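As they're listed, the protein sequences go chains C and U. Every letter in the first sequence is one number past the one before it in the working numbering, and letter 109, counting from 1, is 109. Adding 225 to a residue's 1-based position in the second sequence gives its number in the working numbering.
Number of protein chains: 2
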Amino acid sequence: MPKQTFFNLPNEKRQLVVNAAIDEFANYGFEAASINRIVANSSISKGSFYQYFEDKLDVFKHLLDVLAEEKTVFFRDRHPPSQGLDIFGYFRWMIKTGMEFNSTNPVLVKAVSRVLLSEGMYYGQLFSDIRKKTIDALREMIRSAKNNGEMDANVDEDLAVTVMDTWSNVISNNILNEGAQKKDLVKYVKSAKVQKYIDDMLSVMEHGLRNVKPSLEDGQKGSEQ
Amino acid sequence: MPKQTFFNLPNEKRQLVVNAAIDEFANYGFEAASINRIVANSSISKGSFYQYFEDKLDVFKHLLDVLAEEKTVFFRDRHPPSQGLDIFGYFRWMIKTGMEFNSTNPVLVKAVSRVLLSEGMYYGQLFSDIRKKTIDALREMIRSAKNNGEMDANVDEDLAVTVMDTWSNVISNNILNEGAQKKDLVKYVKSAKVQKYIDDMLSVMEHGLRNVKPSLEDGQKGSEQ
DNA sequence: GTAAAATGTGACTTGGTAGTCATATGACCA
DNA sequence: TGGTCATATGACTACCAAGTCACATTTTAC
């Protein structure tokens with residue numbers, strides 16, 4: 001965690017440092033990110049940097065907090081369009097709203113996802129907490145969906161979690177990559193084409209999960225070769 | 226491409242260099258990979274390295290060739306268990322056989338996929354060719370599957386390509402990450418548990434694609450900016 | 001055996017990195 | 001005013017990187 005000194009900074013200056021860090025990680029990933037450049041681009045001295053942060057990892061972890069905070073704020077005042085949504089409807093709303101958020105913070109999202117996905121940190125010790133939260137929330141959703149009959153009771157819980165977790169990452173990454181060139185990313189994400197893409201991707205997932213049959217040969221039958 | 230000098234090397238020595246490079250990229254990714262370390266770990270001199278390769282990118286590109294070559298050899302003598310396989314059966318066989326290959330070359334696969342999936346997309350043009358090949362092959366498969374009635378004719382071609390491409394990456398990554406700790410990766414991949422995981426994941430995808438409904442608002446409607 | 005060509009070598013240059021620290025600045029308080 | 005304390009600074013150390021090059025060694029050709 002950044003040191004107190006950092007939080008004592010006037011908002012403006014703090015933002016300057018955060019933005020420089022965001023750009024750095026988005027452009028270079030974690031390993032190749034340079035503290036020297038962050039320092040230069042935020043017009044603070046090297047010494048100040050080390051009065052604010054422990055090291056490169058510390059500043060990156062702060063970006064995770066910033067992202068979480070901004071996302072929370074973004075979602076706070078938005079509610080699913082209807083109360084009667086089943087799990088798939090809810091998931092669809094989550095993803096679309098999430099993409100809206102992403103399009104308003106593309107560089108921050110890119111920085112974080114590039115580092116997490118790329119350097120393998122996503123699967124490392126360090127971020128397992130974050131992952132666990134997402135996964136647990138999903139699992140809870142799925143469990144109650146199965147209870148309500150919204151999802152086939154034969155669907156394996158872990159499987160559904162993996163599928164939904166994966167699916168949301170994939171959709172988000174694909175759209176951000178595709179839209180990287182666009183001038184107005186917010187508008188692009190709201191375009192009919194992208195919305196249709198999301199709908200179609202989710203339809204595949206939804207039908208796959210709704211209609212999945214019980215494994216033909218019941219449990220494990222295992223090894224071939 | 227590596228220089229002729231490299232290919233003149235005795236196989237043993239060449240293999241030593243390749244292995245050192247594989248380890249390096251697998252452990253550090255592209256940006257953080259160090260030529261100095263590759264040189265040290267393969268017991269060649271710095272000067273020799275530059276007589277073999279142009280630079281870091283050159284040596285990495287060679288790994289791509291090595292991977293392609295080994296995969297080709299691996300698949301050469303294996304044939305789908307039955308001639309009557311439809312696209313999904315064929316895809317399932319491809320993925321299972323691919324996973325078998327991966328488990329016999331885990332470090333090489335990790336090195337390449339780490340760089341390609343994570344940092345690769347940031348090198349623009351360079352790696353898009355490789356991806357294009359996979360995508361084109363998939364698209365051809367899908368097209369003929371739709372002609373044969375194996376896949377719903379309403380399924381959008383691009384959508385199916387994206388889904389199948391994504392799916393295979395996800396399955397492969399999940400298994401490799403999960404199996405990273407296992408002592409005997411080959412055995413792990415052949416285990417009933419993993420085989421069932423693959424079957425279940427593919428079932429979801431398969432049902433999703435088979436049963437997908439025609440898009441509500443018919444075809445592409447959406448201009449973007 | 002000798003000359004020429006190919007290959008191997010590692011010290012060296014140049015430049016970037018993370019992190020430290022003595023010193024300077026400025027804010028706040030008595 | 002003078003003193004104290006938080007903050008700012010950038011030169012500096014120690015290190016590691018990529019890439020070069022004059023020279024050593026080995027292989028090949030004659």
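Cβ atoms here follow ideal geometry from the backbone N, Cα and C, with glycine treated the same way. Computed from a prediction, not measured in an experiment: that's the story for all the values here.
DSSP state of residue i mapped onto helix, strand, coil
i: residue 154 (chain C); result: coil
i: residue 62 (chain C); result: helix
i: residue 449 (chain U); result: Here the model assigns residue 449 (chain U) a pLDDT of 39, short of 50, so the residue's position is not dependable and the matter cannot be decided.
i: residue 30 (chain C); result: coil
i: residue 308 (chain U); result: coil
i: residue 226 (chain U); result: coil
i: residue 323 (chain U); result: helix
i: residue 330 (chain U); result: coil
i: residue 172 (chain C); result: helix
i: residue 247 (chain U); result: helix
i: residue 117 (chain C); result: helix
i: residue 292 (chain U); result: helix
i: residue 384 (chain U); result: helix
i: residue 241 (chain U); result: helix
i: residue 234 (chain U); result: coil
i: residue 314 (chain U); result: helix
Residue range of the alpha helix (DSSP H) that includes residue i
i: residue 54 (chain C); result: Premise fails: residue 54 (chain C) is in no alpha helix (DSSP H) and is neither H nor E.
i: residue 405 (chain U); result: It is not in any alpha helix (DSSP H) - residue 405 (chain U) carries neither H nor E in the DSSP assignment.
i: residue 208 (chain C); result: 192-210
i: residue 129 (chain C); result: 128-147
i: residue 78 (chain C); result: From DSSP, residue 78 (chain C) is part of no alpha helix (DSSP H); its letter is neither H nor E.
i: residue 260 (chain U); result: 260-266
Outcome for residue i when other beta-carbon atoms lying within 10 angstroms are tallied against a minimum of 16
i: residue 1 (chain C); result: exposed
i: residue 473 (chain U); result: Since the first and last residues shown for chain U are 226 and 450, residue 473 (chain U) lies out of range.
i: residue 133 (chain C); result: exposed
i: residue 175 (chain C); result: buried
i: residue 130 (chain C); result: exposed
i: residue 432 (chain U); result: buried
i: residue 24 (chain C); result: buried
i: residue 75 (chain C); result: exposed
i: residue 404 (chain U); result: buried
i: residue 317 (chain U); result: buried
i: residue 425 (chain U); result: buried
i: residue 72 (chain C); result: exposed
i: residue 68 (chain C); result: exposed
Evaluate the contact criterion for the stretch 323-331 of chain U versus the stretch 411-426 of chain U: three or more CB pairs, one atom per stretch, below 8 Å. yes
Could you check whether the stretch 305-317 of chain U touches the stretch 369-387 of chain U, counting it as contact only if at least three pairs of C-beta atoms, one from each stretch, sit closer than 8 Å? yes
Are at least three pairs of beta-carbons, each pair with one atom in the stretch 231-243 of chain U and one in the stretch 266-278 of chain U, less than 8 Å apart? yes
Pairs of beta-carbons, one from the stretch 158-173 of chain C and one from the stretch 137-149 of chain C, closer than 8 Å: are there three or more? yes
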